[in-house]
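Worksheet for the structure shown next.
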Amino acid sequence: MTFLNFFISGISLGSIYAIIALGYTMVYGIAKMLNFAHGDVIMVGAYVCFYAVSRYNLNPFLGVIIAMFLCTVLGILVERFAYKPLRQAPSLAVLITAIGMSYFLQNTALLLWSSNPKVFPSIIGRGSFKLFDGNLSVSHITVLTISVCIVIMIVLSLFIGKTKLGKAMRACSEDKGAAQLMGINVNATISMTFAIGSGLAAIAGALLCSAYPTLMPTTGALPGIKAFTAAVFGGIGSIPGAFLGGLMLGVIEIFAKAYISSQLSDAVVFAVLIIVLLVKPAGLLGKSIQEKV
Amino acid sequence: MTMKRLINLKRTEARRIFITYSAVVIAYVIFQVMSSSGFLSSSMRGMLVPICAYMVMAVSLNLVVGISGELSLGHAGFMSIGAFSGVASAILMQSTITNAPVRLALAMIVGAIFAAIAGFLIGIPVLRLKGDYLAIVTLAFGEIIKSILNNFYFGVDAQGLHFSMLTDTTRLLKGGRLIIRGPMGISGIMKIATFPMGFILVMISLMVVFNLVNSRSGRAFMAIRDDRIAAESIGLDITKYKMMAFVTSAALAGAAGALFAMNYSTIVANKFDFNTSILILVFVVLGGQGNMLGSIIAAAALTVLPEKLRGFSDYRMLLYAIILIVTMLGTNNAEIREFFTKLNPFRRKEEA
Numbered sequence: 001m002t003f004l005n006f007f008i009s010g011i012s013l014g015s016i017y018a019i020i021a022l023g024y025t026m027v028y029g030i031a032k033m034l035n036f037a038h039g040d041v042i043m044v045g046a047y048v049c050f051y052a053v054s055r056y057n058l059n060p061f062l063g064v065i066i067a068m069f070l071c072t073v074l075g076i077l078v079e080r081f082a083y084k085p086l087r088q089a090p091s092l093a094v095l096i097t098a099i100g101m102s103y104f105l106q107n108t109a110l111l112l113w114s115s116n117p118k119v120f121p122s123i124i125g126r127g128s129f130k131l132f133d134g135n136l137s138v139s140h141i142t143v144l145t146i147s148v149c150i151v152i153m154i155v156l157s158l159f160i161g162k163t164k165l166g167k168a169m170r171a172c173s174e175d176k177g178a179a180q181l182m183g184i185n186v187n188a189t190i191s192m193t194f195a196i197g198s199g200l201a202a203i204a205g206a207l208l209c210s211a212y213p214t215l216m217p218t219t220g221a222l223p224g225i226k227a228f229t230a231a232v233f234g235g236i237g238s239i240p241g242a243f244l245g246g247l248m249l250g251v252i253e254i255f256a257k258a259y260i261s262s263q264l265s266d267a268v269v270f271a272v273l274i275i276v277l278l279v280k281p282a283g284l285l286g287k288s289i290q291e292k293v
Numbered sequence: 294m295t296m297k298r299l300i301n302l303k304r305t306e307a308r309r310i311f312i313t314y315s316a317v318v319i320a321y322v323i324f325q326v327m328s329s330s331g332f333l334s335s336s337m338r339g340m341l342v343p344i345c346a347y348m349v350m351a352v353s354l355n356l357v358v359g360i361s362g363e364l365s366l367g368h369a370g371f372m373s374i375g376a377f378s379g380v381a382s383a384i385l386m387q388s389t390i391t392n393a394p395v396r397l398a399l400a401m402i403v404g405a406i407f408a409a410i411a412g413f414l415i416g417i418p419v420l421r422l423k424g425d426y427l428a429i430v431t432l433a434f435g436e437i438i439k440s441i442l443n444n445f446y447f448g449v450d451a452q453g454l455h456f457s458m459l460t461d462t463t464r465l466l467k468g469g470r471l472i473i474r475g476p477m478g479i480s481g482i483m484k485i486a487t488f489p490m491g492f493i494l495v496m497i498s499l500m501v502v503f504n505l506v507n508s509r510s511g512r513a514f515m516a517i518r519d520d521r522i523a524a525e526s527i528g529l530d531i532t533k534y535k536m537m538a539f540v541t542s543a544a545l546a547g548a549a550g551a552l553f554a555m556n557y558s559t560i561v562a563n564k565f566d567f568n569t570s571i572l573i574l575v576f577v578v579l580g581g582q583g584n585m586l587g588s589i590i591a592a593a594a595l596t597v598l599p600e601k602l603r604g605f606s607d608y609r610m611l612l613y614a615i616i617l618i619v620t621m622l623g624t625n626n627a628e629i630r631e632f633f634t635k636l637n638p639f640r641r642k643e644e645a
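Sequence order for the protein chains is E and Z.
Counting along the first sequence from 1, when you hit position 243 you're at 243 in this note's numbering, and nothing is skipped either side.
In short: position in the second sequence from 1, add 293, done, that's this note's numbering.
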């Protein structure tokens with residue numbers, strides 16, 4: 001039973017990683033950049049949600065929606081002012097700008113909301129379901145997290161597979177020049193990708209802080225790196241890959257904490273990543289592109 | 294030998310190397326005079342050694358990122374290996390070698406050796422990958438090194454050396470000393486790092502890097518960076534050359550780590566985290582990839598800058614972030630770039 005308990009909390013943590021990883025992987029797929037500031041958008045989302053709920057006594061779900069809206073706007077602004085001027089620049093310059101953006105968001109948060117950790121109220125209380133005569137308890141937030149993740153996956157896959165905008169996104173990620181010639185507005189499509197990723201980050205922020213209720217300006221940093229790892233794990237640029245990578249990373253992390261050592265869990269997670277990349281150099285579901293000579 | 298090498302080089306390259314060496318020497322002389330005549334504030338004096346260590350870190354990372362063309366996000370990991378092994382060896386040698394500079398030099402060599410071994414072991418899997426995947430694996434190794442050092446215990450007593458992981462099970466005899474204490478790191482370090490030693494390390498690392506870059510191997514690095522397939526087709530052993538750059542870089546980072554650590558009384562593994570790796574990468578990118586003088590200037594400027602911004606207290610890191618973003622946007626803007634090329638009196642004719 002404890003095994004099952006660990007497995008469920010692993011899936012729950014993995015769902016959060018998966019939602020964050022989607023943001024990384026979509027942006028990478030389309031703009032070919034590692035958006036290091038993504039983790040900090042999660043933190044901003046969590047803070048907005050926190051203030052909406054605890055200061056203005058709004059309904060938590062309304063709080064999440066406000067957070068999603070503000071993070072979407074933030075994502076678009078960041079893209080417009082920091083990344084768009086660098087479309088033609090070498091990828092390292094973009095990477096450093098993204099890191100600068102990450103520092104910028106963290107330090108703005110530090111000034112606005114101070115470094116004192118805030119106790120985040122769970123968005124649906126701290127109750128739990130008891131199964132198998134109380135041997136297995138699954139908290140409400142776990143159930144919510146997993147269901148939200150599944151819903152997001154289905155909606156996002158349908159959006160990208162079936163709608164015209166989704167088709168435009170796929171076209172841009174394959175060949176920007178050709179997409180432009182077909183009349184697709186590449187800049188608008190990239191902005192939209194950032195908007196979707198940031199909106200998802202807000203949801204991830206609310207879920208993450210409901211499960212692990214300490215909120216600080218640096219809250220987003222480590223989950224951001226882990227989710228980025230998850231995206232690479234599943235094959236960066238691939239949406240099912242981000243889902244699979246996120247879930248596996250969450251499960252591995254919880255099992256490593258439970259059965260190996262809680263201090264070394266991060267090391268185990270990263271070691272598994274290295275082994276996976278050695279066996280499949282483009283990640284689990286990534287396409288390995290044959291080089292043409 | 295060096296002179297002959299310089300003569301054989303193209304004039305522009307030789308001039309660039311000469312300017313770099315002389316700039317470092319002049320800066321050293323100026324700061325040494327200022328420091329001994331009391332012109333420098335005590336906070337600035339305390340930063341001289343870390344600046345030297347960061348310069349070496351930047352130069353060594355530039356060898357991998359700028360010359361060999363691989364993005365490494367775990368350079369701080371090699372620095373921490375060098376720091377821990379160097380300091381531990383210095384503590385072990387404390388009674389046998391009483392001369393502080395000699396002990397520091399030996400500690401830096403030990404740090405370099407350990408970091409080089411780690412670089413070799415990590416290089417075997419890492420260098421099989423490419424691009425962003427290589428970057429994420431170096432990040433992963435940096436985090437693994439940090440986690441391991443955070444849980445590593447190392448002590449010495451009359452029976453010899455003792456190691457343990459996770460919990461302290463070294464069971465030292467009476468009179469023994471626990472040197473590395475897991476998350477508490479090493480404390481009670483004798484601060485024997487000095488500015489002249491830092492200067493010497495910067496000069497040595499510049500010599501190593503310049504000689505390597507302008508050798509047959511260095512040309513191979515750049516050929517592989519510019520076109521891997523073409524380089525492979527003329528028979529260059531890609532893995533061998535990448536490994537050479539990676540291990541050299543790791544060794545220099547290890548020496549820098551030992552120097553850095555011996556400037557403080559306590560070091561912990563968390564000091565050398567992902568943010569430190571990124572900080573060094575920022576030095577390299579701002580200074581210009583492949584440009585060693587640029588790395589050195591960027592390392593010095595960006596280490597001093599947060600101190601100088603201290604007057605803005607809370608807004609200091611925010612300003613730092615804004616400066617970083619604006620610099621990146623500015624240096625990649627065609628109009629601004631053109632404006633600066635026109636200003637540059639040293640620009641070459643063929644570029645004009």
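Note that beta-carbon positions come from the ideal geometry of N, C-alpha and C, so glycine has one too.
Partners in chain E for residue i, counting only beta-carbon separations shorter than 7 Å
i, result
"Val430 of chain Z", "Ile274, Leu277"
"Met350 of chain Z", "Result: empty, since nearest Cβ-Cβ is about 16 Å, beyond 7 Å."
"Ala516 of chain Z", "Those do not exist, as Ala516 of chain Z stays about 16 Å from chain E at its closest Cβ, beyond 7 Å."
"Val578 of chain Z", "Leu92, Ala93, Ile96"
As assigned by DSSP and simplified to three states, the class of residue i
i, result
"Phe332 of chain Z", "coil"
"Val326 of chain Z", "helix"
"Thr295 of chain E", "The structure shown does not extend to residue 295 of chain E, since chain E is modelled only from 1 through 293, so no value can be given for it."
"Leu454 of chain Z", "strand"
"Val281 of chain Z", "Residue numbering for chain Z in the displayed model covers 294 to 645; residue 281 of chain Z lies beyond these limits and cannot be assessed."
"Phe233 of chain E", "helix"
"Leu341 of chain Z", "helix"
"Phe120 of chain E", "coil"
Run of the alpha helix (DSSP H) containing residue i, from where it starts to where it stops
i, result
"Tyr28 of chain E", "2-31"
"Val358 of chain Z", "Taken as a continuous stretch (DSSP letters only), Val358 of chain Z belongs to no alpha helix (DSSP H), as it is neither H nor E."
"Ser510 of chain Z", "509-519"
"Tyr83 of chain E", "From DSSP, Tyr83 of chain E is part of no alpha helix (DSSP H); its letter is neither H nor E."
"Ser378 of chain Z", "368-386"
"Ala393 of chain Z", "393-419"
"Ser570 of chain Z", "567-580"
"Arg609 of chain Z", "609-624"
"Lys423 of chain Z", "No alpha helix (DSSP H) contains Lys423 of chain Z, which DSSP labels as neither H nor E."
Where the beta strand (DSSP E) containing residue i begins and where it ends
i, result
"Ile473 of chain Z", "470-474"
"Leu595 of chain Z", "Careful: Leu595 of chain Z lies outside any beta strand (DSSP E), inside the alpha helix (DSSP H) at 585-601."
"Leu131 of chain E", "128-131"
"Ser91 of chain E", "Looking at the DSSP string, Ser91 of chain E is not in any beta strand (DSSP E); the run it does join, the alpha helix (DSSP H), is 91-113."
"Leu136 of chain E", "136-139"
Neighbouring residues, chain E, relative to residue i (Cβ below 9 Å)
i, result
"Ile441 of chain Z", "Leu264, Ala267"
"Gln582 of chain Z", "Pro90, Leu92"
"Leu545 of chain Z", "None at all; the shortest Cβ gap to chain E is about 21 Å."
Contacts of residue i in chain Z (Cβ-Cβ under 7 Å)
i, result
"Met363 of chain E", "The structure shown does not extend to residue 363 of chain E, since chain E is modelled only from 1 through 293, so no value can be given for it."
Close beta carbons around residue i, own chain, < 7 Å, minus the five adjacent residues each side
i, result
"Thr541 of chain Z", "Leu356, Val501, Leu505"
"Ile42 of chain E", "Ile20, Ala201, Ala204, Gly205, Leu208, Gly220, Pro223, Gly224"
"Gly416 of chain Z", "Met536, Phe539, Val540"
Other residues of its chain near residue i: CB distance less than 6 Å, five sequence neighbours each side excluded
i, result
"Ala168 of chain E", "Ile184, Thr189"
"Leu602 of chain Z", "Arg609, Leu612"
"Cys345 of chain Z", "Gly491, Val495"
"Val381 of chain E", "Here chain E comprises residues numbered 1 to 293, so residue 381 of chain E is not present and cannot be evaluated."
Chain-ordered neighbours of residue i on chain Z, where CB pairs are closer than 8 Å
i, result
"Pro85 of chain E", "Leu622, Asn625, Asn626"
"Ala82 of chain E", "Ile618, Leu622"
Chain Z contact residues for residue i, given Cβ-Cβ distances below 9 Å
i, result
"Pro281 of chain E", "Arg421, Leu422, Lys423, Tyr426"
"Leu34 of chain E", "Asp425, Ala428, Ile429"
Close Cβ partners of residue i (< 8 Å) along its chain, the five nearest in sequence each way excluded
i, result
"Leu110 of chain E", "Pro217"
"Glu600 of chain Z", "Ser336, Met337, Met340"
"Ile649 of chain Z", "Nothing can be reported for residue 649 of chain Z, as the shown portion of chain Z is limited to 294 through 645."
"Gly75 of chain E", "Val41, Phe194, Ala195, Gly197, Ser198, Gly199, Ala201"
"Met182 of chain E", "Ala171"
Any 3 or more C-beta pairs closer than 8 Å across the segment 230-238 of chain E and the segment 10-21 of chain E:
Yes, the segment 230-238 of chain E is in contact with the segment 10-21 of chain E.
Under 8 Å: do the segment 410-429 of chain Z and the segment 259-266 of chain E share three or more Cβ pairs, one atom per stretch?
Fewer than three pairs of CB atoms, one per stretch, sit closer than 8 Å, so the segment 410-429 of chain Z makes no contact with the segment 259-266 of chain E.
Is there contact between the segment 209-219 of chain E and the segment 31-48 of chain E, where contact requires at least three CB pairs shorter than 8 Å?
A contact between stretches requires three or more CB pairs, one per stretch, nearer than 8 Å, and the segment 209-219 of chain E meets this requirement with the segment 31-48 of chain E.
Is it the case that the segment 536-551 of chain Z contacts the segment 347-367 of chain Z, given that we only count it when at least three CB pairs across the two stretches are under 8 Å?
Yes, since at least three Cβ pairs between the segment 347-367 of chain Z and the segment 536-551 of chain Z fall closer than 8 Å, the two stretches touch.
Can at least three beta-carbon pairs, one atom from the segment 396-411 of chain Z and one from the segment 545-558 of chain Z, be found at a separation below 8 Å?
Because the criterion of three Cβ pairs below 8 Å is met, the segment 396-411 of chain Z and the segment 545-558 of chain Z touch.
Three Cβ pairs or more, each shorter than 8 Å: is that satisfied between the segment 97-114 of chain E and the segment 27-43 of chain E?
Yes: the two stretches touch, three or more of their Cβ pairs being nearer than 8 Å.
Specify whether the segment 365-378 of chain Z and the segment 521-530 of chain Z touch according to this definition: at least 3 beta carbon pairs, one from each stretch, less than 8 Å apart.
By the criterion of at least three beta-carbon pairs nearer than 8 Å, the segment 365-378 of chain Z is not in contact with the segment 521-530 of chain Z.
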